[in-house]
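To keep things clear, I will list the structure first and then write my remarks on it.
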Amino acid sequence: MDDLPTAIPAATLILMRPVPSARDVPEILVMERTRSMVFAAGALVFPGGRIDPDDVALAARIGAGFDHVAARIAAIRETIEETGIAPALTPTPDAATIARIRQALEAETPFSTLLDAFGLSLDLAALTPFARWCPTFKETRRFDTLFFVAEAPADAEITGFAEAEAVRAFWASAADTLAEANAGRAHMMFPTRRNLERLARFTSIDEARADALRHPVQMIVPRIEERDGVKWLCIPEDAGYPVTAELLESARPPATRLR
């Protein structure tokens, strides 16, 4: 795997909201990426992206007492920019303020500048580290991604999505999102599927947080195993995932291959 591209540090936010119903399961914020994207084209994903230098600088300024601070900041920033939902900000901004912050982020104004300008601070404790994935798929871009879980702000509504990156954003349960992929109406990458299978077991954000605390974050690097002449893509058995292997052929993203 020496010829793999260097992994880019990134962060993703699994934003959950309670939905009182007979099913009593939370909904999760999901996006469908455009088919023109270099990475994960057309796939269902959680909001997120690379960790920027400003995230790192802001982390050095405010991050005492927390781990993965720059990643937490990036996860919050990317969620605002991609969906218009602003988690983990104090005090909670109104819709007009969120719109102004989002517009400024799209114009590449540093997030730290905007927090200062609007008198906002970050509630870093609102994000719970959930997983870390660094797949070995040979893509033009490869990411070392920290996943966090957090509860959505009250009455959080998607106010649009970053049209350069996605064709839709929506709320759905983990089980319903998996059903969309299983029916062939959408597709998702191997890490997203494994995380949704894990999330589908929970009836609340508190259960998701408790599970994350029971399974300290470790870097998951999927590996290929041959079983009875058939290749499988596998992950560790002790990382909290109910499904730890998938046939390589079905797990492989479009237009990629593994080594």
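For the sequence shown, position 232 matches number 306 in the numbering used here, and the numbering has no gaps at all. Even glycine gets a Cβ: it sits at the ideal position worked out from N, Cα and C.
Can you tell me where the alpha helix (DSSP H) holding residue i begins and where it ends?
i, result
"residue 307", "First-last for residue 307: 304–308, but that is the beta strand (DSSP E), not the alpha helix (DSSP H)."
"residue 157", "143–157"
"residue 187", "185–191"
"residue 127", "127–136"
"residue 180", "169–180"
"residue 323", "322–325"
Taking the beta carbon of residue i as the centre, do at least 16 other beta carbons fall within 10 Å, making it buried, or is it exposed?
i, result
"residue 247", "buried"
"residue 272", "buried"
"residue 307", "buried"
"residue 265", "buried"
"residue 259", "exposed"
"residue 193", "exposed"
"residue 300", "exposed"
"residue 302", "exposed"
"residue 314", "buried"
"residue 163", "buried"
"residue 223", "buried"
"residue 182", "exposed"
"residue 203", "buried"
"residue 180", "exposed"
"residue 151", "buried"
Which residues does DSSP pair with residue i in a beta bridge?
i, result
"residue 86", "122, 221"
"residue 202", "223"
"residue 340", "There is no way to answer for residue 340, as the model of the chain reaches only from 75 to 333."
"residue 117", "261"
"residue 162", "Per DSSP, none; premise fails for residue 162."
"residue 319", "308"
Might you give, ordered along the chain, the residues of its own chain that have their beta carbon closer than 7 Å to the beta carbon of residue i, omitting 5 neighbours on each side?
i, result
"residue 176", "154, 155, 158"
"residue 334", "A query on residue 334 cannot be resolved here, the shown segment of the chain reaching from 75 to 333 and no further."
"residue 133", "143, 144, 147"
"residue 309", "268, 294, 296, 315, 318"
Enumerate in chain order the residues of its own chain whose CB-to-CB distance from residue i is below 6 Å, with the five nearest sequence positions on each side excluded.
i, result
"residue 249", "274"
"residue 218", "81, 83, 208"
"residue 99", "247, 277"
"residue 137", "143"
"residue 325", "264, 307"
Which first and last residues belong to the beta strand (DSSP E) in which residue i is found?
i, result
"residue 103", "101–107"
By Cβ distance below 8 Å, which residues in the same chain neighbour residue i in space, the five residues on each side in sequence not counted?
i, result
"residue 104", "118, 119, 120, 243, 244, 245, 246, 251"
"residue 206", "218, 219, 220, 221, 291, 292, 293, 294"
"residue 321", "304, 305, 306, 307"
For a minimum of 4 consecutive residues, which ranges assigned as the alpha helix (DSSP H) are wholly contained in the segment 228–308?
248–256, 264–273, 279–288
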